[in-house]
Every structure is written in structure tokens, then in C-alpha cells.
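The block underneath contains the structure these notes are about, expressed in C-alpha cells.
Rendered as C-alpha cells:
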């Protein structure tokens, strides 16, 4: 059994890692850390887990994690992982980092969206963990920069089309709708029940950091600078993310070309489901699962392509994809521990 | 006191008319009709209204409505109003029709989106009831085609900019998020609690009838054919609509030009609130009220304009605007009966 | 115009007072205080109010409030009002206190549920503001202890029956279900969206402070010690409270006796609506309004009475009842400013 | 592999059976029937299941089900199963019936709550499938009457205490709060989103059929007639049920006696979790799982016991318990296919 540690286990992404990994057939949860709840049993923080998880939260001490774990998930705020990862790597403990710290190859780009990077030398070997796209690189990686939830939902539909040159790259608009869990467990008026319930609003309009992440990856794949417009919205539900993408196809590109390209690109990838013609994704259909559902529509009047992508922001958008990446790194079945079906309601 | 009738009083738009008009200082509710609940007291259908409304629902008989009302609101499915309106007009009963039947000047355009029109001769005199834009025409109208909820939320931000020539008309994209009440009170799996709760999805992608309504009005104002891309989404909440509009400003047009244009256009209109720089609308801020909040952002990197508009789909998007139109027609204060403030939560 | 001040205007009860009073025909909002937001315009804190309220939040300085207001509402945490009220009273400014500080006549009872009282001498003249029950005393009061939300929902159904001796006082059980706004605007994990959404739970089981309040008032009315069992529950919605009361009627007491007693007791009170036989209250029917709907059922098999009471916790359970009390104190129409009908949805 | 069929697979309980059984390691889904959707692929009805379930819904023909399945789950409206079960039993196909038809041993009691029974001779051998309580009988049963959701949530806490004689049986009151999925997928105004959202209400007050089921089972265990008062409430969430039980303990019975009794009774049962002192159950902690969490509080002032029980109404309250019963019948591990942990949010 591979021994697995989670740093930051009591945030929502961390707890979701615990949920998934505690039922994983090939690994064993060996250590959980939590700054806020160190000393408490994990199931005192999340009573849902009583009877399933019997670990006590510990302070994050790199040496202790290295002693107990072969692979570690970091579910910590950005800026902290870059101080820790070099130590894990030196000890040959593989890392899946869910923060933004290792998502960028270019330290300058990271710096412009976040702050100066203090572990630049690791950026080159870090692999962007968009599982289906970078499968081969993930296989041999020792450090994964796990993608953001918004980028996952936008890049999975876009990358195959961009690589195939099917889109006018100046026309990309990404309008995302996210459940509230994406804002995490830290207290904030923006996650206060009565401020969110019965409310829809945009936030960080054209200024969200995930915009830089999407641009960087798309630019790499397009081999030219791509800048898209991104507006995230907050929706009164706990889990789920729906991303609606607008793009003008290149001259002569038809709806069937788009559909064919995506269908082929993901034919061997069980977690990507291309919706049949006329069907649209619904976050309810992917809730609790690692699925990513993609719908394709062409507005014939304006010849504008509409791609719609639904994921569970905590699963394919965070913990599920992280486990998928671990599976790929370990050379075990990609779906191990991730087979539970989404909830019908 | 002007006597007011409501046909179709037990649907959600009808009930919202009852709610607003029962507290209106200048009119008196005199007759309510309901096919499904004829014979029942209105407050047996909506116990919320007990103690406030003491009318019994009647079958819709045009003569009886004409005898009892000076003005009638039609909250009926489209296709029915066009068979009734000629009779009301002949009897000099003014009509505010909340269906689509009298929103189009051109019967052919109506026919292509709905079905053949059987009261074409009234289309020319019917006034599109977007209150702030067509204020003068509404004043002397005897027949109002009350706007759809989605068009209201898209046209109020767009029309002043289109008239001023500030936008590239080929670039308009409208991404709307609506609460479930917009789907009405008729039973349907798409309004079934467990299918909507914790779910976000698009529907009628680039094929919603309101698209034709928006195009028709914008084309009229732009004095050229305009076609926009429109994608509505369903959100797990009862009331509220947020519309995010993407458009490329014309060459040399800056964010301040946009802001200035909208601020001036609506300076005398108490229900339109232009959000201060950096503020975004939230459906919670307009809930239960006739307000329309508009936010303005420019994505400087892509020079793409983002307009965000929040309304209560049942108030400014339906019953509230209908009452506002009635007020204008009656020559009384535009805000009469509509002053209650939105709920803070 | 009576000038009205609100201390603690930016909490949920305070904001609801602002919402109601800003539309009140007989008073004028003259000063708003807020510790947290002093210096900010009120509508920057609650953008819903933009265009309706044009006051800036101030620090709470008693002298300044007294200069500007004839009557003041205190929407502050308990323990603070008892330090302020004596100063207001000395300046002849009437007070409606929404905290618990002046709900108890007996300082010892207050002390056992809260902490030592520092303004004991005012307790005797303070009137418990359960509007329909203590109407006469409120009329001439200068200090109102406005009831808690749970007590309002339990006492309105119970008091007439207790006074009439129709119930076995040893059998009273109160099971309440409250929306989340009752927990206020202060950040807390128990009001964090993802912890509340899709969740129902009891809290403070048989240990909530409102239990003492209910017992004290019922004991006074029954002229004997009454102790009931009270369990509050938190429900995933913003507004509304449903209280289900179980009690064994006295020997020979029938359902009709109960119904008759309540109907007579509240026949002159427009905000209390006794549901017709077979009808049950629904929080949706009172949402946003000052109504209190009461349903009556008898379980014939066990001869156990079930009373069900629905209120909006922020209106009849807090700000609405406070305004109703102000109206009574001012000798104006009881319903002034409170006529807006509840929302049909 | 045991072959399993589901009749009524497209209702919510049926779909939940599909979700659980499709991931079950020891059985194989072999046939799904659906009157409404016969001929459609199951994942066209529930797109969530795409990629996981590849069966087409069929008409319910007993012979065909018997040919394909060794055990069949009936997720059908009551009254239909009693016409089908005799045929399955004759063909030696074991049955877990989720309707009420085989929950009662006494046809007269069934008849008084439902209608005349047409398969009376099977009632004696049918086993009431409250898994932890009737484990031994279930082991050898060929026909299970799977308990109702409300009875499951009330009987699991009550039965051990009733058998031990710790409660005054005249004092039992059951106040339940259920999510909307309990009302099923059939269209109804009571499940219409806008009628349920932001609403709490009681329904079928002291007249719900599950009352008879609880009384019958408790009477059997108590060896005397027991009648409790039962009031169900509808809560704006999809899944989950919280039941609050009020009871007076017998003379001299203390809180520790209650806690000890329940702890011992369920010590070998992994799905029952007794909350530690001071902890209360939350439906969020059991969401999606087969867990049943029980909290125990004593109101010392009134010496009244408060038991609180949380289950997922679709899992432990329906499909999960049905699968648990199947596991017991098949002699395999009780938890097989049911190990996924509840969601932390």
C-alpha cells in the first residue's frame, strides 16, 4: 500500500481528499495535517467521517510527513507550498500541490498574477496536472501543479480545439458559474448563508487569477499568445461548476468538426463525457464525481460556438483530479478510488 | 380610483401583479380571472394574501372584465391574448399584455419565433413596454406589449449604448442566469425541486424565443439588423435574474464613455441604478423590487466590455414593469405602488 | 414626523428596521449607528437600499442619538442595551430594545439565563412587546423589551389557551425550525453556506436562552410556574420560522374549544391569521410580512393538540413587531408601514 | 455474481438503487423496468449515470424479470407490489419491496391505513427490513417489506429503549423534517421548486400513513398497544431526514441508562453511530450514505428525553437499507457496496 499524507486536510479540498482517499483500494491514508485543528480527531472536525477515518490532525512538520508518506497532497493556500515542496522533493516524497504555486512554468507569469516565486528551479519539472491532456508527463512526474477549478472546466473543452486550430483565438470568452464551496471553509461574508442564498452575482470580473492560468496554458498549446475574457459568478449551491464558453470557429469550421475533434480527443478518457447532440450538461449530473461533461452547440445565426462544461468543483476541479493524477503517477488504474457514480440528485 | 382587472391571476406573474396592485394607492383591484381556479377565493390559492385580497377567481369572460375594469393586465400564455385584445380595445379597456403577442411590430418576425398572428392590425399601435426607453409612447398607449424578462435585462443596458453607436454590433453575447419562477407555476420536471436544487444548466441554447425579441428591438434602435448570441441558464433560486453581456466597444471608446452614456440615459429614471465603479450587481439587492442594477467593467487586456444587469424577473422582468407602464399610461407617478424597497436578504 | 434612530443598523434586524421604516408614512429615519461600518454610507453596506436611504452610519453616541431622534430602536447584542437605556430614558427618548435585556421583569431570572443585570430599576416599567397580548401596556410604555423570535412564535398560539386554562401545563413541547438569518450577520461556521445548505440540525437542545423567556411569560400568564421543553432547529433558508407545539388539552377540551379561544382572542388583530380547519401554515406565506399564521390540529388517537405557527423571524420575530410596537406607542394605526403583503413566492 | 433486477428504476428510490448497485462488488444489475421510460436507455433518463450503466428500461413483465434476476427490488407505488410478489416468490426470486405492501404482519392494520390486501397469505413470512433490528430474520427471508423512511428514523432510536422498558409509552411524540426527494419524482405542486424553496411546513399532521407503521412495529416490540403522535415537515433540501423524538423516561431512568442501552444495542452495527455526549446529528453528516446518526439529550428541567436521528431518506431510508437487506439475505458482508463515506458537504 502506498502511504499518503494530506497537508491542509480540514479545508474543503482537503476533506474531499480524505473522503476519496479513505475509500481508495490501493493507498492508505497515513497522516493528516491541519494548522487550525491540530490535536483534534479528524472526525471531530468532520463528523461525517466518523467510523471511516481514525486519524488525528497534526501540525505540519515536513520531516514527520516524509517519514509517514510516500506521496503528499498539499491543500494549502498558495505561497506556502513553494516553501515546502523543495523539502519534500529532496526527500523523494512525490507531491500533488493543489495551490497555484506550481501551475506555471514561467516564474514571471506566476509573479504577475501572484507574487515572487521562491522555488523557481522546480517550475520546469513541475507538471500541470490536467490529467487527460498531460497524461504522459504526469506519469513520470514527481511534482504536480494541480489545476484550478475554473481552468479545468475551460481548458478541457478548449485545448483539443485550440491544438487543432479550429478556433479564432481572439474571440474566447469564458463565463463560469460556481458553487460556494469553491470559496473554501474560511469565514467570509461572501460565503455567509444569507448573503449567498437566493443570490447570483459576478465577482473579480476580468481580474480573477485563474485568467492568467488559462491564458498561460492556452498560449503554450496554441504556440502563440492567447488572452481570453473570463467572468466568474457565484451561485447558491454547495458543489458544482458550469462554464459556458463562447468562441468563433475558424472559417469553414462546422459544428461536426468541433464535435469530432472533442470526441476523438477524449475517446480513451473515461471521465470526459461528450454530450450527445442537443443535450446540455448539468452540474447535478456530475455531483460528487470526477466526471467532466461537455456540451457543444453552434449558434448558426451568428456562427458562434458555445461550449458548456460541467464539473464538480471539489472533485474534477480539485481533489478528484488530484487523486487521478496520483493514480497516473503510481501507474495504477486511472479511475481507482474514483468510480463512485455521481448522484442522480 | 381606476379599476383594474387581472386575467390569469393565479400564475406567478399574475399573483405578483395581485401582490403589487393590492397595495397600490391609486387603483383598485376589481376582478381576477383564473381558468384553473375559477370559483375559488384568491387567498385559498395563495394563502399569503389572506386578509389583503378578498376576491374570488372568475372564468375569463371579456364582457365581464370590461364591465368591471378600466385597465386589464393579461398574464396568459402567448397566442391567447391576440384573440382577446381586439375585444378589450373595442370596449376602450386599456391592456397591458405580459405575453409575447404584442411585443413585435412586425407580424412576420413574430410568426417566425411563435406562430401566425391573428391580430396584425393592432401591432402597429401596440407599444413595447420597456418603460424607461419608450416612456413617451407608453404615455399615450392603449395597448402595451410588456417585455420578456430576459430582454428587459439585456436591453436596458444595451439600448443607450447601441443608440449612441458605442458598440461593435457583431460582437454581442448575452449570458443570462435566471431563478426558477421564470418557468411559471405549471408543473414540469424542469421546475421539480430535486431536479433544480444544487443544479446549474443552460437551456434552449441559442434557440430561446427571447432572442428574437432582443434582436428585433435592437435592430430597430440601431437602424440595422442586429443578431446577438443568447444563452439562458437556470439557477437554484426562486426569484432573480442576472444577465452578463459581452461586447466589443467601437474603436476609441473607453470605459468612461460607456459609463457616461448609461448614467446620462437613466439619470431621471429612479428604477435604474448604475453601480459605482468596481461594484457589481447582485440579484439579492433587487429582490422583490422594481429596480434594475447595472454594472460596467472593461476587460482592458482584451478591450472587451462586460455589462452586468440584475433584476427581479417577476418584478422589473414582469409584473413590476407592467404596473410601471400602467402608472405611465394613467399619468400618475411612475413609482406609485412600487416604492417598497428590495429586501436586504 | 416622528424622528427615529436605529442603533446597530447594519446587522440583519437593524437592516430590516431600515427597510421597513424607510417606507413608513408617519416617521422619518434620522440617524443610523453601526460600530463596524461607522463612516460608511448605509447603502454601501446594503446596496439594496441605494436610492431609498441616504444616511451615513455613525458611531453610537447617546447624546447625538437623543438630539436627533424621538424614539430609538436598539438592535444590539444583549448586555450593551442595559448600559444605554437608562440614558435614553433620562432624555425622554423612548426605546424599543430588540435584545433580551428588558424582556424579563425579574432580574434574577434574567441573570440565570444571561448575566447580572445593571439596570434593574427599569425592569418593572419595561413592557414585554408581544404586541397583540400586551397592547394596552405598550400604548403607554416608554421602554419596550421586544420579544425573541422563538418566543413570539410559541407565545402567540399558547397564551390565550393558557389564560383560558385549556391546556395541561406539564405537557408543553416546542419544536421550532428557523431560517439562518436568525443567527445574524456575524461570521460563524454555523452560518457558513456549505455547512447550512442541504442540512437540518437541532442546536442548543433544551438549553436555548429563549426557553427561559417563554417560561417566564407563560408562568406570568398562567399564574403558576410553567416549564416547557424547547428544541430549536436550523433550516437551509434565509427567512422564516415554523414552530410546532405539542400539548395535551385539559380534560373535556375539544378541538373546537381551542379554535374558538384563539379565534376570539385575535379577532381584532390584523396580523394574526388563524388557518381554517385542515389548513397548515407555511413560512412562505408570511415571508417578508408581519403576519403570524396559526394552524390547529388535534391528534384524536392520542388526544394531543398540535399548534403550528409561522412567522418571518426578521419581521414579526424582530423588526416588524418592533415597528408595530412603535406604532402602538405613538398612537397611530397599528399596521402603519407594515402593510406590504407577504410574497407569494 | 448474483443477478439483480429493479422494478420502477426511474423513480428516485429506483435510481438510487441503480446508483448503489451499479458499484456493488458482488452483484450485477441485469434488468431495469420503468413504465414511463420503457424503451429508453437508463442514462438518457439519468445522464449522471452515463458511462456507468448501460441498460435500457423495459416494461415490467414478471416472467422476464424472473428469467434475468435472482433477486428483485420493487420501487413501485403501494398496491402494485402485492399483485406481483406472489409471482416472484413462486418462481423463487427473492424480493425486497420498498412499498408499504409487506411491512405489516396484520392485514387488517394494513387495510385501515391503505386498502384491502390481496396477498394476505404472504404477510406472515414477510420480514420487516429494519436491518439492525431484524437481522436474524432477514438472513433467511425471501420477502422483505423495506421500512418507510420516517419509521426508519424513529424506530432505530426507539426500539431498543422500548424493548428495555425505559420509556413511558404514552408520551411518544415524533417530529420529523424531510428533504423533498421523499415526495418522489412525480410532478406535484408540493415538489414545485418555488413552492418548496424558502419554505417550511408541516403536512399530513397526525394523519400520515407512516404513523400506523411506527405504531404497529412499536406495539409488537413493546408487547402492548403503542400510539405515538407523528408530524412530518417538508424542508427545502433534496436529501436528508431529521427526526426529533420526545419521550418521558420511566421513573428513575437517567440519561446514562438511555445512552448505555443504545450504545450496547448498536455496538456491532457499523451503520448506526451514537453521537458523543453534547453532539447532535446533522443530515449533512449522513448525506449520500447509509449511516444513521443518533443524538441523545435529556431536558433535566422537565425530565423529558430528546432523541434526534439523522438519515439520508433515499439511502438508509430507502435504497441503502434495501441493499443492506439484500446483503444480509445473500450472506455477504453487510456493508458491501455501501461503504462510500458520506459527503463532508
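Residue numbers (our numbering), protein chains in the order written: chain A, 7 to 351; chain B, 7 to 351; chain C, 7 to 351; chain D, 7 to 351. Idealized CB from N, CA, C, for every residue including glycine. Owing to the predicted nature of the structure, the values given are computational and were not obtained by experimental measurement.
Item                                                                                                                                                                                                    : Value
Run through DSSP, which three-state label would residue 281/A get?                                                                                                                                      : coil
Please classify residue 305/B as buried or exposed, where buried requires at least 16 neighbouring CB atoms within 10 angstroms.                                                                        : buried
Is residue 208/B close to chain A? Criterion is C-beta to C-beta, closer than 8 Å.                                                                                                                      : yes
Note down, in chain order, every chain B residue with its Cβ under 8 Å from the Cβ of residue 286/A.                                                                                                    : 207, 208, 209 and 211
Are the Cβ atoms of residue 220/A and residue 180/A separated by less than 8 Å?                                                                                                                         : yes
Spell out a yes or no on whether the segment 321-329 of chain A and the segment 285-295 of chain A are touching, meaning 3 or more CB-CB pairs, one atom from each, closer than 8 Å.                    : yes
Who are the neighbours of residue 305/C on chain D, taking C-beta pairs under 7 Å?                                                                                                                      : 212 and 235
Mapping the DSSP letters down to three states, classify residue 340/A as helix, strand or coil.                                                                                                         : coil
Determine the chain B residues that contact residue 291/C at a beta-carbon separation under 9 Å, and present them in chain order.                                                                       : 52, 53, 54, 55 and 56
Kindly confirm or deny that the segment 68-87 of chain B and the segment 50-58 of chain B touch, where touching means at least three C-beta pairs closer than 8 Å.                                      : no
Grab the span of the alpha helix (DSSP H) containing residue 25/C for me, first residue to last.                                                                                                        : 18-27
In the segment 252-305 of chain D, which residue ranges form an unbroken beta strand (DSSP E) of at least 3 residues, counting only runs that do not cross its ends?                                    : 278-280 and 298-305
Starting from residue 158/B, trace the alpha helix (DSSP H) in both directions and tell me its first and last residue.                                                                                  : 155-169
Tell me whether the segment 306-324 of chain D and the segment 232-249 of chain D touch, counting them as touching only if at least three CB pairs, one residue from each stretch, are closer than 8 Å. : yes
In chain order, what are the residue ranges of uninterrupted beta strand (DSSP E) at least 3 long that sit wholly in the segment 185-257 of chain A?                                                    : 235-240 and 247-253
List the residues of chain C whose Cβ lies closer than 9 Å to the Cβ of residue 319/A, in chain order.                                                                                                  : The premise fails here: residue 319/A is roughly 11 Å from chain C at the closest Cβ pair, so nothing lies under 9 Å.
Please report the residue range of the alpha helix (DSSP H) in which residue 141/A lies.                                                                                                                : 141-145
List the residues of chain B whose Cβ lies closer than 7 Å to the Cβ of residue 345/C, in chain order.                                                                                                  : 29
Please state whether the Cβ-Cβ distance between residue 277/C and residue 207/C is less than 8 Å.                                                                                                       : no
On the three-state DSSP scale, how would you describe residue 48/B?                                                                                                                                     : helix
Give the secondary structure of residue 116/D by DSSP, where H, G and I count as helix, E and B as strand, and everything else as coil.                                                                 : helix
Would a check of beta-carbon distances place residue 294/A closer than 8 Å to chain D?                                                                                                                  : yes
Given a limit of 9 Å on CB to CB distance, which residues of the segment 248-279 of chain D reach chain G?                                                                                              : The chain inventory of the structure shown lacks chain G, comprising the protein chains A, B, C and D.
From the DSSP output, which residues share a beta bridge with residue 313/D?                                                                                                                            : 251/D and 302/D
Rounded to whole angstroms, what's the CA-CA distance from residue 37/A to residue 348/D? Just pull it up for me.                                                                                       : 20 Å
Let me check understanding here. Comparing Cα to Cα, which of 138/B, 301/B and 270/B lies closest to residue 5/B?                                                                                       : The question about residue 5/B has no answer, for chain B in this structure spans 7 to 351.
Throw me the rounded Cβ distance for the residue 254/C and residue 314/C pair, which I believe falls under 8 Å.                                                                                         : Between residue 314/C and residue 254/C the Cβ distance is about 16 Å, and since that is not below 8 Å, they are no contact.
Check whether the Cβ atoms of residue 99/C and residue 77/C lie closer than 8 Å to each other.                                                                                                          : yes
Please classify residue 191/B as buried or exposed, where buried requires at least 16 other C-beta atoms within 10 Å of its C-beta.                                                                     : buried
Give the interface partners of residue 198/C over in chain A, defined as CB-CB distance under 8 Å, in chain order.                                                                                      : 191, 193, 197, 198 and 199
To the nearest angstrom, report how far apart residue 265/A and residue 302/A are at their CA atoms.                                                                                                    : 7 Å
Starting from the beta carbon of residue 187/C, find every residue of chain A whose beta carbon is closer than 7 Å, and list them in chain order.                                                       : 200
How many Å lie between residue 136/D and residue 122/D at the Cα?                                                                                                                                       : 24 Å
Quick one: what does DSSP say residue 321/B is sitting in, helix, strand or coil?                                                                                                                       : helix
Quick one: using the 10 Å Cβ neighbour count with 16 as the cut-off for buried, is residue 201/C buried or exposed?                                                                                     : buried
Per DSSP, residue 183/B forms a beta bridge with which residues?                                                                                                                                        : 239/B and 248/B
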